[in-house]
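Peer 1: Protein chains in written order, with the numbering used here: chain A, 1 to 318; chain B, 1001 to 1284.
For every residue, glycine included, the Cβ atom is placed at its ideal position computed from N, Cα and C.
Written out as structure tokens, the structure is:
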């Protein structure tokens, strides 16, 4: 099956006006995003996220490497026919109304007037702007402009959505609505590439992520894989006391007591089963046993702070 | 084609919303009103009334002039004024089209659509020319109508002279677009285009300038500049010569040749081609 987004060895160098200095914005980025995925692109400022998205849209040209959308090389206008884009810090012409905005950008995407007339009210309803349909954009709040941007990205019913900070400036209720809307689009088989600094947002929305640093992929995978801590479990039992902790430690487990539960670092699954057996043999109750997870933010900060030793040598995401 | 039309429509929406279109037409209306007021002065009314009574000729100091020729002379002279005003207003009203498009946060919205960069740029250019043409039609058409109303003399050439003015605007707008693509600045686009207009007027005297310089290469350089730059002075004369329909001085009629048109068209095409090339290659 053709990947929705395919990027191979993409690099981008920016030169100063007289070519004296060179900045590497991307250094050999490779990734594949499958149809129907919600994929998160993470990284600190200057990591190359926006550059990557701009190359996918033909806004910026790659220095080397290739990129395609559904097999069509980026740079060809046809590749954008199936793409909806919400840029960061976008500025819709303030003189247009919400309805006119969708009309102009819908027709620029090749939509027929009849199709636009059918789709415009439906989209404005989805982003809660129906009452503002004929008000000029310059009167809109930041959140409203962002919701209109989402509607404009969706107007031609694209198969791929590239979203740069889609919840920027949106209130918590609006954020949830946007998340729900993105999930609905994913359920319809749409592919979404989400570029965001809000890691909790990404954690709640994306299936897979790639973390970029200095233009390279340093970690990729499903959120559960990235946030799982190897051989660490959270155990809630009754009672938890010093003899129990000592008994566990005697097996070689590292035990940490935290707010009425224990964090156990064990060798393997057999080891954790041994601890459970020991607990039961002493007549104690096991109330909860779950793999301990870190947050995506923990993973992100660790990766960004640590050096290149954790770097994915291939830079390839699959 | 839909994308092209949408882009053109967007330019007109922008022009009307940003008061550009309104200011453009208000200024034009002001010229028309001044003209209408001038032709209603007692002295003009008196002369025209006399002409109607005495066989469509007007008494001027020392001679008697046929009304048709008088109107033709007036229209020829006024077309030079319209050439200047029409060109300047058009550049002022349309030079922002590329810099505004290239603003951060705006260009992404347009280029992320399935439309090529060159068609996008050319759609803005076409929209700018349409805007200028609409205003020229309004300005020249109104004055033409006032002249007919007052004198009953109909000279279609005065109306068609607008085509020559639009041709000059097309070449200068191409230059404004080139500067806009390179600098992303409306102010620089306007100033440099006006600069080219006046510099080209100076270059119309290239023979005399070349004769005044001391070295041959300097003379060659002046001649080269003359052939490279648009022929704004010659086109102005061509407008007058065209409108006067052979009635003006012989030297004026000789200026109505294809050469200024051809070299100005080459200048415009080179500018538009360069603007398209640079716009297509630019990283946003």
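Starting from the beta carbon of residue 73 of chain A, find every residue of chain B whose beta carbon is closer than 8 Å, and list them in chain order.
Peer 2: Indexing the first chain from 1 puts residue 73 of chain A at position 73. Ordered by position in chain B, no residue passes the 8 Å Cβ test against residue 73 of chain A, which lies about 14 Å from the chain.
Peer 1: Look at the alpha carbon of residue 1120 of chain B and the alpha carbon of residue 56 of chain A, and state the distance between them as a whole number of angstroms.
Peer 2: Start at 1 with the first residue of the second chain, and residue 1120 of chain B comes out as number 120. Start at 1 with the first residue of the first chain, and residue 56 of chain A comes out as number 56. Approximately 19 Å between the Cα atoms of the pair.
Peer 1: Any beta-carbon of chain A closer than 8 Å to the one on residue 1284 of chain B?
Peer 2: To locate residue 1284 of chain B, count along the second chain from 1; it is residue 284. Cβ-Cβ to chain A under 8 Å: yes for residue 1284 of chain B.
Peer 1: Any C-beta of chain B sitting closer than 8 Å to the C-beta of residue 233 of chain A?
Peer 2: As a first step, residue 233 of chain A is located in the first chain; it is residue number 233 there, counting from the start. Cβ-Cβ to chain B under 8 Å: no for residue 233 of chain A.
Peer 1: Write down the C-beta distance between residue 116 of chain A and residue 154 of chain A rounded to the nearest angstrom, noting that I regard them as a contact closer than 8 Å.
Peer 2: Counting from 1 along the first chain, the entry for residue 116 of chain A is found at position 116. Counting from 1 along the first chain, the entry for residue 154 of chain A is found at position 154. About 13 Å; that fails the 8 Å criterion.
Peer 1: Residues in the same chain with beta-carbon distance under 8 Å from residue 1 of chain A, minus the five sequence neighbours each way, listed in chain order, please.
Peer 2: Along the first chain, one-based indexing puts residue 1 of chain A at 1. Only 34 and 35 meet the Cβ criterion.
Peer 1: Given a threshold of 16 other Cβ atoms within 10 Å of its Cβ, counted over all protein chains shown, does residue 85 of chain A qualify as buried or as exposed?
Peer 2: As a first step, residue 85 of chain A must be located in the first chain, where it is residue number 85. A residue is called buried when at least 16 other Cβ atoms come within 10 angstroms of its Cβ; residue 85 of chain A meets this threshold and is buried.
Peer 1: Could you tell me if residue 224 of chain A is buried or exposed, where buried requires 16 or more neighbouring beta carbons within 10 angstroms of its beta carbon?
Peer 2: Taking the first residue of the first chain as 1, we reach residue 224 of chain A at position 224. The residue is exposed, with fewer than 16 neighbouring Cβ atoms inside 10 Å.
Peer 1: Tell me where the alpha helix (DSSP H) around residue 13 of chain A begins and ends.
Peer 2: The sequence position of residue 13 of chain A within the first chain is 13, counting from 1. First-last for residue 13 of chain A: 5 to 15, but that is the beta strand (DSSP E), not the alpha helix (DSSP H).
Peer 1: At 4 residues or longer, and completely inside the segment 1176 to 1246 of chain B: list those alpha helix (DSSP H) runs for me, N to C.
Peer 2: 1186 to 1203, 1206 to 1212, 1216 to 1228 and 1232 to 1244
Peer 1: Using beta-carbon positions only, say whether residue 1241 of chain B and residue 1259 of chain B come within less than 8 Å of one another.
Peer 2: Reading the second chain from its first residue, position 241 is the one you call residue 1241 of chain B. Reading the second chain from its first residue, position 259 is the one you call residue 1259 of chain B. It is not a contact, given that the beta carbons lie outside the stated cut-off.
Peer 1: Answer yes or no: do residue 1035 of chain B and residue 1146 of chain B have a C-beta to C-beta separation smaller than 8 Å?
Peer 2: In the second chain, counting from the first residue as 1, residue 1035 of chain B sits at position 35. In the second chain, counting from the first residue as 1, residue 1146 of chain B sits at position 146. Contact: yes.
Peer 1: Take residue 1184 of chain B and list the residues in its own chain whose beta-carbon comes closer than 7 Å to its own, dropping the five residues that flank it on each side.
Peer 2: The count along the second chain starts at 1 and reaches residue 1184 of chain B at position 184. Result list for residue 1184 of chain B: 1099 and 1102, in chain order.
Peer 1: Report the residues of the segment 108 to 129 of chain A with a CB closer than 7 Å to any CB of chain B, ordered along the chain.
Peer 2: Taking 7 Å as the Cβ-Cβ cut-off against chain B, the residues of the segment 108 to 129 of chain A that qualify are 108, 109 and 110.
Peer 1: Just curious, the beta strand (DSSP E) that residue 120 of chain A is in, first and last residue?
Peer 2: Working through the first chain from its first residue, we reach residue 120 of chain A at position 120. Not the beta strand (DSSP E): residue 120 of chain A falls in the alpha helix (DSSP H), residues 113 to 126.
Peer 1: Would you list, in chain order, the members of the segment 1107 to 1137 of chain B that have their beta-carbon closer than 9 Å to a beta-carbon of chain C?
Peer 2: Absent from the structure: chain C. Protein chains present are A and B.
Peer 1: Could you check if residue 310 of chain A is buried or exposed, using at least 16 other CB atoms within 10 Å of its CB as the buried criterion?
Peer 2: Within the first chain, residue 310 of chain A is the residue found at index 310, counting from 1. Reliability of the predicted coordinates at residue 310 of chain A is poor, the pLDDT of 44 falling under 50, and no value is obtained from them.
Peer 1: Along chain A, which residues have their Cβ under 7 Å away from the Cβ of residue 1007 of chain B?
Peer 2: Locating residue 1007 of chain B in the second chain gives position 7, counting from the first residue. Ordered by position in chain A, the residues that pass the 7 Å Cβ test against residue 1007 of chain B are 108.
Peer 1: Can you list the residues of chain A that residue 1105 of chain B reaches, using a CB-CB cut of under 7 Å?
Peer 2: In the second chain, counting from the first residue as 1, residue 1105 of chain B sits at position 105. By Cβ distance, chain A contributes 87, 89, 90 and 91.
Peer 1: Count the other CB atoms, across all protein chains shown, that sit within 10 Å of the CB of residue 132 of chain A; report buried if there are 16 or more and exposed otherwise.
Peer 2: Numbered from its first residue, the first chain carries residue 132 of chain A at position 132. The residue in question, residue 132 of chain A, is buried, as its Cβ has 16 or more Cβ neighbours within 10 Å.
Peer 1: So what's residue 198 of chain A in DSSP terms, helix, strand or just coil?
Peer 2: Position 198 of the first chain holds residue 198 of chain A. It is coil, neither helix nor strand.
Peer 1: Since residue 1090 of chain B contacts residue 1132 of chain B with CB under 8 Å, what's their CB separation in whole angstroms?
Peer 2: As a first step, residue 1090 of chain B is located in the second chain; it is residue number 90 there, counting from the start. As a first step, residue 1132 of chain B is located in the second chain; it is residue number 132 there, counting from the start. Indeed they touch by this definition, with Cβ atoms about 4 Å apart.
Peer 1: To test your reading of the DSSP string, which unbroken alpha helix (DSSP H) runs of 4 or more residues are found completely within the segment 160 to 238 of chain A?
Peer 2: 172 to 187, 199 to 205 and 223 to 227
Peer 1: Counting contacts by CB-CB distance shorter than 8 Å, is residue 1002 of chain B in contact with chain A?
Peer 2: On the second chain, residue 1002 of chain B is found 2 positions in, with the first residue counted as 1. Closer than 8 Å: yes.
Peer 1: In terms of DSSP beta bridges, what is residue 136 of chain A paired with?
Peer 2: Sequence index remark: in the first chain, residue 136 of chain A carries index 136 (1-based). Paired residue(s): A/97.
Peer 1: From residue 204 of chain A to residue 109 of chain A, what does the alpha carbon distance come to, in whole angstroms?
Peer 2: In the first chain, residue 204 of chain A corresponds to position 204, counting from 1. In the first chain, residue 109 of chain A corresponds to position 109, counting from 1. Answer to the nearest angstrom: the Cα atoms are 31 Å apart.
Peer 1: With DSSP run on the structure shown, which of helix, strand or coil describes residue 1284 of chain B?
Peer 2: Here the question's residue 1284 of chain B lines up with position 284 in the second chain. Correct three-state label for residue 1284 of chain B: coil.
Peer 1: Decide yes or no for the touch test of the segment 178 to 198 of chain A against the segment 32 to 51 of chain A: beta carbon pairs closer than 8 Å, at least 3 of them.
Peer 2: yes
Peer 1: Cβ-heavy atom distance between residue 68 of chain A and the ligand ATP below 7 Å?
Peer 2: The ligand ATP is not among the ligands present in this structure, which contains no ligands whatsoever.
Peer 1: Against chain B, does residue 99 of chain A count as a neighbour if the rule is that its beta carbon must be under 8 Å from one of theirs?
Peer 2: Numbered from 1 along the first chain, position 99 holds the residue referred to as residue 99 of chain A. So, not an interface residue.
Peer 1: Work out the CA separation of residue 1029 of chain B and residue 162 of chain A for me, nearest whole Å.
Peer 2: As a position in the first chain, residue 162 of chain A is number 162, starting the count at 1. As a position in the second chain, residue 1029 of chain B is number 29, starting the count at 1. So the alpha carbons of these two residues sit roughly 48 Å apart.
Peer 1: Taking buried to mean at least 16 other C-beta atoms within 10 Å of its own C-beta, is residue 1135 of chain B buried or exposed?
Peer 2: Reading the second chain from its first residue, position 135 is the one you call residue 1135 of chain B. The residue is buried, with at least 16 neighbouring Cβ atoms inside 10 Å.
Peer 1: Quick one: what's residue 262 of chain A bridged to in DSSP?
Peer 2: Walking along the first chain from the start, residue 262 of chain A turns up at place 262. Per DSSP, A/235 and A/257.
Peer 1: With a threshold of 6 Å on Cβ separation, who are the neighbours of residue 297 of chain A within its own chain once the five nearest residues in sequence on each side are excluded?
Peer 2: Along the first chain, one-based indexing puts residue 297 of chain A at 297. Excluding sequence neighbours, residue 297 of chain A sits near 199.
Peer 1: Answer with yes or no whether the minimum CB distance from residue 300 of chain A to chain B is below 8 Å.
Peer 2: The sequence position of residue 300 of chain A within the first chain is 300, counting from 1. By this cut-off, residue 300 of chain A is not an interface position.
Peer 1: Compute the Euclidean distance between the alpha carbons of residue 174 of chain A and residue 167 of chain A, then round it to the nearest angstrom.
Peer 2: Stepping through the first chain from its first residue, residue 174 of chain A is reached at position 174. Stepping through the first chain from its first residue, residue 167 of chain A is reached at position 167. Whole-angstrom Cα-Cα distance: 8 Å.
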